[in-house]
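Per this note's numbering: the sequence shown = residues 2 to 309.
Note sheet for the following structure.
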Amino acid sequence: MPEIVYTRRDFTDACQQEGALLGWHQRYAQLNPGPYRGAVEMLRLDGICLWRERVSVAVEEATAAPGGQVVFVRALEDRTAYRTNALPIGNEELLVLRGGEEIHVGLAPDSDMLLMSIEPERLGGAPALREPVVATPTFPEMETAAQWFIGLMVLFSGAMAVPGDDLARLLPELIADKLGFLYAQILHRTQGTRPLRSGDHRLYRRAREVVEEQPDEPIGVTQLARRLGVPSEILRAAFKETVGIGPGLWLRLKRLDGARRDLLGSGGSDRTVSDIAMKWGFWHLGRFSAYYAALYGESPSQTVRGRG
Numbered sequence: 002m003p004e005i006v007y008t009r010r011d012f013t014d015a016c017q018q019e020g021a022l023l024g025w026h027q028r029y030a031q032l033n034p035g036p037y038r039g040a041v042e043m044l045r046l047d048g049i050c051l052w053r054e055r056v057s058v059a060v061e062e063a064t065a066a067p068g069g070q071v072v073f074v075r076a077l078e079d080r081t082a083y084r085t086n087a088l089p090i091g092n093e094e095l096l097v098l099r100g101g102e103e104i105h106v107g108l109a110p111d112s113d114m115l116l117m118s119i120e121p122e123r124l125g126g127a128p129a130l131r132e133p134v135v136a137t138p139t140f141p142e143m144e145t146a147a148q149w150f151i152g153l154m155v156l157f158s159g160a161m162a163v164p165g166d167d168l169a170r171l172l173p174e175l176i177a178d179k180l181g182f183l184y185a186q187i188l189h190r191t192q193g194t195r196p197l198r199s200g201d202h203r204l205y206r207r208a209r210e211v212v213e214e215q216p217d218e219p220i221g222v223t224q225l226a227r228r229l230g231v232p233s234e235i236l237r238a239a240f241k242e243t244v245g246i247g248p249g250l251w252l253r254l255k256r257l258d259g260a261r262r263d264l265l266g267s268g269g270s271d272r273t274v275s276d277i278a279m280k281w282g283f284w285h286l287g288r289f290s291a292y293y294a295a296l297y298g299e300s301p302s303q304t305v306r307g308r309g
C-alpha cells in the first residue's frame with residue numbers, strides 16, 4: 002500500500018527552513034530586517050512530493066532539487082515577486098526545474114510558493130528538460146491543478162490526515178497523471194518559454210564562490226571586483242539584478258548570516274559573542290550588535306540564550 006505522509010513545520014530562522022524540503026540541497030539567507038516567520042507543508046506520496054512554502058521576509062536561496070526530479074514551481078499570490086538566476090518571474094509564469102542543478106532564487110517578503118516534484122519515470126517516458134530551469138506562461142489546466150493540490154494539503158492537514166485504503170491506492174496515480182499531462186503540455190509549447198540564464202547571475206555566482214572560499218577573511222567590494230577582473234560598477238549591477246541589493250550590503254549580510262549560524266550552534270561551547278563577531282570580521286562589538294539586532298529583531302546574546 003503506498004504511504005501518504007502530510008507534515009507541517011514552522012520556522013523562526015532561514016537556516017532552519019533551508020533543510021525542510023526533503024532531499025534538496027539549499028542555503029537560505031535573510032535579506033531584509035524583521036522577525037523571520039516561515040512554514041513548509043509537505044504531502045509525500047509514491048515518487049511525488051507537494052510542498053507549500055511561505056516566508057515572511059525577503060530571502061535569497063541557493064537551491065538544488067533532488068537529482069533526476071522534475072519540479073514545477075508556482076507563486077500562489079500575485080504579490081509574490083521573485084527572481085530566478087537574476088531574471089524576474091512574472092505573475093503569469095511558472096518554473097520547471099531539472100533536479101540536481103543549482104539555481105538562485107530571490108524571494109520578496111510574504112512569499113507563498115507551491116512546489117510539485119515527481120520522479121521522471123512517473124512521467125511516462127517524457128524527455129528531460131534541456132535546461133536546468135525554464136520559465137513558461139501558465140495555463141488554465143496548471144492553475145486548476147495548483148488549486149487542487151492546495152486543497153489536498155488542506156484536507157490532509159485535518160480530518161483526512163489518515164487516508165483510507167482506496168484513496169491511498171488511487172491518489173498517487175491521479176497526481177502522477179495530472180503532472181504528466183501538465184509536463185507534456187509544457188514540452189510542446191513553442192511560445193513564451195525561456196531558459197533562465199544571464200550574465201549577471203554568472204558573475205554573481207563567481208563572486209559568491211570567491212567569498213565562500215575564504216569565509217573567515219572579510220573582503221571589500223573593490224577587492225572582490227579586482228579578483229573577478231571586472232569594474233566595480235559591473236559587479237554592483239550584477240548584484241542588483243540577482244539579489245536586489247548591492248555587493249557591499251550583501252557582503253555584510255553574508256557575514257551576519259555566518260555569525261548567526263555560529264550563535265545558533267554555540268550552545269554548550271565556550272565561544273563568546275565577541276569571539277564569533279571577530280571571526281566574521283566585526284571588530285566593533287557594539288556595531289555588530291546593532292547590525293545584528295536591526296536585521297534579526299534580537300540581540301546576539303538573546304539568540305544564544307534562546308537556543309542554549
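Glycine residues also receive a C-beta, built at the ideal position from the N, C-alpha and C atoms.
Counting only the same chain and skipping the five closest in sequence on each side, list residues whose C-beta sits under 8 Å from that of Leu-254. Position 253 of the sequence shown holds residue 254. Within the same chain, Leu-254 has close Cβ partners Ala-30, Gln-31, Leu-32, Ile-246, Leu-296.
Less than 8 Å between the C-beta atoms of Pro-310 and Gly-193, yes or no? This structure cannot speak to residue 310, because the chain is shown only from 2 to 309.
Rounded straight-line distance, which links the Cα of Gln-215 to that of Arg-228: What you label residue 228 is simply residue 227 of the sequence shown in a count that begins at 1. What you label residue 215 is simply residue 214 of the sequence shown in a count that begins at 1. Here the alpha carbons of Gln-215 and Arg-228 stand approximately 13 Å from one another.
Counting Cβ pairs, one atom from each stretch, are 3 or more of them under 8 Å apart for the region 49–65 and the region 109–118? With the cut-off at 8 Å, the region 49–65 and the region 109–118 touch.
In chain order, which continuous runs of the beta strand (DSSP E) of length 3 or greater are located wholly inside the region 69–99? 71–76, 83–85, 88–90, 94–99, all fully within the region 69–99.
Within the continuous alpha helix (DSSP H) that includes Asp-258, where are the two ends? Here residue 258 refers to the residue found at position 257 of the sequence shown. Unbroken alpha helix (DSSP H) run through Asp-258: 248–265.
Would you list, in sequence order, the uninterrupted beta strand (DSSP E) runs of no fewer than 3 residues that lie entirely inside the region 130–161? DSSP runs (the beta strand (DSSP E)) wholly in the region 130–161: 134–138.
Which runs of the alpha helix (DSSP H), 4 residues or longer, sit entirely within the region 10–76? Runs of the alpha helix (DSSP H) spanning 4 or more residues and lying entirely within the region 10–76 occur at 15–18, in chain order.
Leaving out five residues on either side along the sequence, give the residues of the same chain with a beta carbon under 6 Å from the beta carbon of Gly-100. As a working note, residue 100 is residue 99 in the sequence shown. Excluding sequence neighbours, Gly-100 sits near Ala-66, Pro-67, Gly-68, Gly-69, Gln-70.
On the premise that Val-305 lies in contact with Leu-264, defined as a C-beta separation below 8 Å, what is that separation, rounded to the nearest angstrom? Residue 264 sits at position 263 when you count from the first residue of the sequence shown. Residue 305 sits at position 304 when you count from the first residue of the sequence shown. Confirmed, about 6 Å.
Just checking my contact of Pro-173 with Ile-49 at CB under 8 Å: how many whole Å lie between their CB atoms? Taking the first residue of the sequence shown as position 1, residue 173 is located at position 172. Taking the first residue of the sequence shown as position 1, residue 49 is located at position 48. Right, the Cβ-Cβ distance comes to about 6 Å (below 8 Å), so this counts as a contact.
Roughly how far, in whole angstroms, is the beta-carbon of Leu-116 from the beta-carbon of Val-74, given that I think they are within contact range, below 8 Å? Here the question's residue 116 lines up with position 115 in the sequence shown. Here the question's residue 74 lines up with position 73 in the sequence shown. Confirmed, Cβ separation roughly 5 Å.
So His-202 is in the alpha helix (DSSP H); what residue range does that whole segment cover? Sequence index remark: in the sequence shown, residue 202 carries index 201 (1-based). According to the DSSP assignment, His-202 belongs to the alpha helix (DSSP H) that extends over 200–214.
As a quick exercise: from Arg-53, Asp-217, Gln-186, pick the residue whose alpha carbon is nearest that of Phe-150. Reading the sequence shown from its first residue, position 149 is the one you call residue 150. The residue with the shortest Cα to Cα distance from Phe-150 is Arg-53.
With DSSP run on the structure shown, which of helix, strand or coil describes Ile-312? Any property of residue 312 remains undetermined from this structure, which presents the chain solely from 2 to 309.
Rounded to the nearest angstrom, how far is the Cβ of Glu-94 from that of Ala-136, given a contact under 8 Å? Locating residue 94 in the sequence shown gives position 93, counting from the first residue. Locating residue 136 in the sequence shown gives position 135, counting from the first residue. 5 Å between Cβ atoms; contact.
Do Leu-98 and Pro-133 have their beta-carbon atoms positioned less than 8 Å apart in this structure? Taking the sequence shown and counting its residues from 1, the one referred to as residue 133 is at position 132. Taking the sequence shown and counting its residues from 1, the one referred to as residue 98 is at position 97. Result yes, Cβ atoms of Pro-133 and Leu-98 sit closer than 8 Å.
Distance, Leu-204 Cα to Gly-126 Cα: Within the sequence shown, the letter at position 125 stands for residue 126. Within the sequence shown, the letter at position 203 stands for residue 204. Near 36 Å, if we compare the C-alpha coordinates of Leu-204 and Gly-126.
Classify Trp-284 as buried or exposed, calling it buried when 16 or more other Cβ atoms lie within 10 Å of its own Cβ. Here residue 284 refers to the residue found at position 283 when the sequence shown is read from its first residue. With fewer than 16 other CB atoms across the displayed protein chains lying within 10 angstroms of its CB, Trp-284 is exposed.
What's the C-alpha gap between Arg-195 and Asn-92? Along the sequence shown, one-based indexing puts residue 195 at 194. Along the sequence shown, one-based indexing puts residue 92 at 91. Answer to the nearest angstrom: the Cα atoms are 15 Å apart.
Beta-carbon proximity of Ile-277 to Ala-260, cut-off 8 Å: What you label residue 277 is simply residue 276 of the sequence shown in a count that begins at 1. What you label residue 260 is simply residue 259 of the sequence shown in a count that begins at 1. Ile-277 places its beta carbon less than 8 Å from that of Ala-260.
Within the continuous alpha helix (DSSP H) that includes Leu-229, where are the two ends? Position 228 of the sequence shown, counted from the start, is the residue given in the question as residue 229. From DSSP, the alpha helix (DSSP H) with Leu-229 extends over 222–229.
Report the CB separation of Pro-219 from Arg-256 in whole angstroms; it is logged as a contact under 8 Å. In the sequence shown, residue 219 corresponds to position 218, counting from 1. In the sequence shown, residue 256 corresponds to position 255, counting from 1. Confirmed, Cβ separation roughly 7 Å.
From Ala-291, Pro-89, Leu-188, residue whose alpha carbon lies closest to that of Leu-130: As a first step, residue 130 is located in the sequence shown; it is residue number 129 there, counting from the start. When C-alpha distances from Leu-130 are compared across Ala-291, Pro-89, Leu-188, the shortest belongs to Leu-188.
So the candidates are Asn-86, Glu-19, Leu-44; which of them puts its Cα closest to the Cα of Ala-239? The residue given as residue 239 occupies position 238 in the sequence shown. Nearest in C-alpha terms to Ala-239, of all of Asn-86, Glu-19, Leu-44, is Asn-86.
Taking the beta strand (DSSP E) that Asp-113 falls in, what are its first and last residues? The count along the sequence shown starts at 1 and reaches residue 113 at position 112. Run containing Asp-113: 112–119, per the beta strand (DSSP E) assignment.
In terms of residues, what are the limits of the alpha helix (DSSP H) holding Leu-236? Locating residue 236 in the sequence shown gives position 235, where the first residue counts as 1. The continuous alpha helix (DSSP H) containing Leu-236 extends over residues 233–244.
Delimiting residues of the beta strand (DSSP E) encompassing Gly-101: As a working mapping, residue 101 is identified with position 100 in the sequence shown. Where Gly-101 is concerned, there is no enclosing beta strand (DSSP E), given that its DSSP letter is neither H nor E.
Measure the CB-CB distance between His-105 and Thr-243 and report whether it falls below 8 Å. Here residue 105 refers to the residue found at position 104 of the sequence shown. Here residue 243 refers to the residue found at position 242 of the sequence shown. Yes, the pair counts as a contact, with Cβ atoms nearer than the cut-off.
Give the secondary structure of Arg-195 by DSSP, where H, G and I count as helix, E and B as strand, and everything else as coil. Against the sequence shown, residue 195 aligns to sequence position 194. When secondary structure is reduced to three states using DSSP, Arg-195 falls in the strand class.
Only counting the same chain, and skipping five residues up and downstream in sequence, which positions put a Cβ closer than 6 Å to that of Pro-34? Residue numbering aside, residue 34 sits at position 33 when the sequence shown is read from its first letter. Excluding residues within five positions, the ones whose Cβ falls inside 6 Å are Ala-295, Leu-296.
Cβ-based neighbour list, Arg-190, same chain, cut-off 7 Å, excluding 5 preceding and 5 following: Looking up residue 190 in the sequence shown gives position 189. Cβ neighbours of Arg-190 within its own chain (closer than 7 Å, five residues either side excluded): Thr-137.
Counting only beta-carbon separations shorter than 8 Å, does Met-43 have a partner in chain D? The structure shown contains no chain D; it is built from a single protein chain.
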